[in-house]
Structure formats: C-alpha cells, structure tokens
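Here is the structure we will look at.
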Amino acid sequence: MSISAFENFYTEWLEEMKHRFKRLRAALQQTSFVEEEGIFNLVQSCHSHYHMYMSEKIRLCKEDLSFVIAGMWRSPFEASFLWIGGWRPTTAIVLAYSLMGTQIEGELQKLLQGIELPSMAALSAKQLSMIDALQQKLRESEDSLSNRLAILQMLFADQQMAKAAAANPPPSESNDFSDFREAMEPKLASLRDIFAEAEQLRGETIQEMLRILRPIQAGQYALAAYEMTMAVQKLGDKREGRAQLQALVHVSRSNIRELASQGNVDLLTKALQSGLDPSETDYDGRTPLDSGTELCKAAAIGNNAYLSRLAKYGVDPNVSDYGKPTPLHAAAAGGNTEAAQVLVKEGADVLAKDRALHFF
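Heads up, the sequence shown is in UniProt numbering, so the first residue is 1 and it goes up one at a time.
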C-alpha cells in the first residue's frame, strides 16, 4: 500500500468510524431499557472497523516504516504522544479506572442504595482482578519493547554505521548512500518487528478489555476512548492551523496589509484573531486599509468598474502608493485613458508628482 492510498483509506475509514460510534452513542443514551445484545453488536462493529485500520498500518509498514512509526497522517500534537507508532497499551487500563472513578461520583447515591448498575461504576471484584492482571502483563510487555527500542536506537552509532559515515567521499559530499543504507537495513528490520509486536499488543489489549467488560460497560468504555481520541485529534488540528498561521504572520508580520490585499477574508479574520493589530503599518507607513495600492492597481490593469466603485465610495483619487505614484500615474503608465478620465472627473490632481518627481 502506498502512502497516498493509505491517506485516502484513512479519510474514508475515519468517516465510517464516526458513523458507527454515533450509532453506539445513540444506543447508550436510550432512556428506556438498553438491550445488551444490541450494544454488544455495535461495540463489535466498532472493534472490527478499528482492526481494519490496524491491519492497514501493518501493510503500510512494509512499504514505509518511518511514515507509520512517526504517525505522519496525524498532527504533530497527536504524534508527540505516540508510543512506537500508536497508543501505549497501559493507557487502556488507566482509562478504565478513570471511567470507574468518574461514574462512581455521578452514581454514588444509587450504589449506596444497592441498586445494580451496568455501568463502569459497577465493576465487580472479579473484573477488577482481571484488569489488574492485564495491567501487570502489559507493563512487562511494554518494558520489553521499550528496552529493545532503546538498544536499537543506541546501535544507530555502532561500528558499522560509523564506518559507513566515514566513507570517502563522506556522505555530506556524496549522493552515494549504499554503504549507509546497507548498514541501516538490519536496524530497520528490527524496528519493523518491534512496531508489529507493539501493534499486536495494542490489538490484544482492546480484545481483552472488551472480554472483561459487560456489554454496556464495553460500550461506555469504547465510546470514551473514541471521544478522547477525537478530542486530541481536533485539538491537534487547531494547533497545527494556528502554527501555520503564525508562520504566515511571521513572514508578513510588518505587512498585514498583504493579507488584506489578497482578499482572503477568512485568513485575515484568523490573523486578527491571533492578535495582529489591524492598525499596524508596514515600512512605508501603510495600514491594511490603505487604498493607494488598490486604486493604483485598478488603474494599472484597467479595472475601470472597480476604480469607479472605489471613487464612488469616497476613496481619495489623489492617494498615492508606496512609490508615491497616484492612480493617475498608474493609468497613464498603462495607457488607460478611460481610467484617467474617471480619475480626473473624480478630482485627481494632474500636477501631482511621484517619488521620482515625474508629473502625470
């Protein structure tokens, strides 16, 4: 599977996952009697769909391991919390205990009255014992994989790699990376194995948790995991969008008028929301509301309708651009006599000089 094929798959997969969890949420919110068998089927539907995603990651891993390990279809914010290309399995245990604590707070009165609840608040002693045993097993497996990854990372500087880096000519002055690539191959193979085992551990963790929980508990648990995932994803998307905007703003920090002149209202709105001053001037003292450039631009390209509209709404026909040419100068330079007539009719000064002291 290629990267582009995976990205297309992920987009479609995510939309379908949203639909499946929407149905699960609706079923759990029923005020009447909740049928456990129906919830069980919905949870299994979500689980099988998620398993499809894991399988595609394994397939792509054979084509581009780095893309999968780094989670490059995710935002940098999401990727910063990854453990060997995905979520850390013990996170599933923490979520179970967190849900239990949260729901106990909300259902304490019913619990004290001895009312039997099917929620995460009513995890039995046997269930808690099974979850605890799973947690111990996961810790050992995680430690083993983390240690193997640490050793592999240290081997990046082993003798074979150092020898390849000391080739003549050195890699920095050559396009021949055959020795370096050869030294990397066994390490990439080991990394691929580590990822596959980590992914398998994630899959086994989900399966075991769903086996331990009763259907309604499993539904609440799966929905909570989904909502947390979506929250992190959306927060990451917003942070990434803000970072891109800040990069754009950095380029034109003293020239916000460029954003205004592009006519992209959405981008300008975001820039202002990020804290840009709408009165900020550029090096020639122009603000985003500067009309000189717009008038000169309209006159130069012969957009007489726009020119007339600007003048009609009160834009001074004698306003100048940064080089001090007036719209009349621009019209004359472009041979646009009709534009010149419009400007003169609106009161343009035919004796105005530009920066080079040229008359119209």
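Positions of the beta carbon are idealized from the N, C-alpha and C atoms, including for glycine.
All values derive from a computational prediction rather than experimental measurement.
- When DSSP states are grouped into helix, strand and coil, W13 belongs to the helix group.
- Nearest C-alpha to Y221 among Q233, E208, V232: E208.
- Around the beta-carbon of S75, 16 or more other beta-carbon atoms lie within 10 Å, marking it buried.
- When the beta-carbon positions are compared, H51 and M17 stay at least 7 Å from each other.
- Its chain contains F77 as the residues whose beta carbon lies nearer than 7 Å to that of L235, once the 5 sequence neighbours on both sides are disregarded; these appear in chain order.
- Between the alpha carbons of Y10 and N168 lies a gap of roughly 44 Å.
- The beta carbon of E338 sits closer than 7 Å to the beta carbons of N304 from its chain, once the five residues preceding and following it are set aside; these are given in chain order.
- When Cβ pairs closer than 8 Å are counted between the two stretches, the segment 130 to 144 is seen to touch the segment 83 to 93, the count reaching three or more.
- For N41, the uninterrupted alpha helix (DSSP H) run begins and ends at 36 to 61, by DSSP.
- In the DSSP assignment, Q159 falls within the alpha helix (DSSP H) that extends over 159 to 165.
- Note that the segment 154 to 164 touches the segment 182 to 199; at least 3 beta-carbon pairs, one per stretch, sit closer than 8 Å.
- In the DSSP assignment, D143 falls within the unbroken alpha helix (DSSP H) covering 125 to 154.
- Of the residues Q29, C61, M1, the one whose Cα lies closest to the Cα of I194 is C61.
- Between L138 and P89, the CB-CB gap stays under 7 Å.
- Per the coordinates, the alpha-carbon of C46 lies some 15 Å from the alpha-carbon of M230.
- At the C-beta level, Q127 and I206 stay beyond 7 Å of one another.
- DSSP places I206 inside the alpha helix (DSSP H), whose first and last residues are 178 to 212.
- Non-local C-beta neighbours of G203 in its own chain, meaning closer than 8 Å and more than five positions away in sequence, comprise H51, M54, ordered along the chain.
- The continuous stretches of alpha helix (DSSP H) do not include L82, and DSSP gives it neither H nor E.
- If the five residues before and after F177 are omitted, its C-beta is found closer than 7 Å to the C-beta atoms of P171, all from its own chain and listed in chain order.
- A Cβ-Cβ separation of about 46 Å leaves I151 out of contact with E36 under the 8 Å criterion.
- When the Cα atoms are used, T102 and L65 turn out to be separated by approximately 38 Å.
- For I3, the closest alpha carbon among the candidates Q44, R59, K345 is that of R59.
- In the DSSP annotation of this structure, the continuous segment of the alpha helix (DSSP H) that includes S66 starts and ends at 65 to 69.
- Nearest in C-alpha terms to A79, of all of R239, L14, S129, is R239.
- L82 is the residue among F21, Q29, L82, Q233 whose C-alpha sits nearest the C-alpha of S146.
- Pairing I69 with A198 gives a Cβ-Cβ distance that is not under 7 Å.
- CA-to-CA, the gap between R25 and Q44 works out to about 14 Å.
- Taking the Cα positions, A224 is about 11 Å away from M120.
- Taking all protein chains shown into account, M154 has fewer than 16 neighbouring C-beta atoms within 10 Å of its C-beta and is therefore exposed.
- In the structure shown, N8 adopts helical secondary structure according to DSSP, grouped into three states.
- Residue state for R88 is assigned as coil, using DSSP reduced to three classes.
- In the three-state scheme derived from DSSP, where H, G and I count as helix and E and B as strand, M1 is classed as coil.
- Per the coordinates, the alpha-carbon of L191 lies some 43 Å from the alpha-carbon of Q29.
- Collapsing the DSSP output to three states places N304 in a helix.
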